[in-house]
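In the numbering used here, the protein residues as written are 13 to 61. Glycine included, each C-beta is placed from N, C-alpha and C at the ideal position.
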């Protein structure tokens, strides 16, 4: 797989690449754990003057 340095490069690669050229059999599903929110944000209505 080529190293892509920007979103534009990645979009161009995905649009034009033939992924059958690459052996992707070693890829592993990865899950990223996120911490639960510890604070709440109070939302106030916006008042028009």
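Under DSSP, the alpha helix (DSSP H) around residue i begins and ends at which residues?
i          : result
residue 25 : 19 to 28
Helix, strand or coil: which one does DSSP assign to residue i?
i          : result
residue 32 : helix
If residue i sits next to residue j, beta carbons under 8 Å apart, how far is it from one beta carbon to the other, in whole angstroms?
i          : j          : result
residue 25 : residue 39 : Not quite, the Cβ-Cβ distance comes to about 16 Å (not below 8 Å), so this is no contact.
When the Cα of residue i is compared with those of the options, which residue comes out closest?
i          : options        : result
residue 34 : 49, 13, 54, 45 : 13
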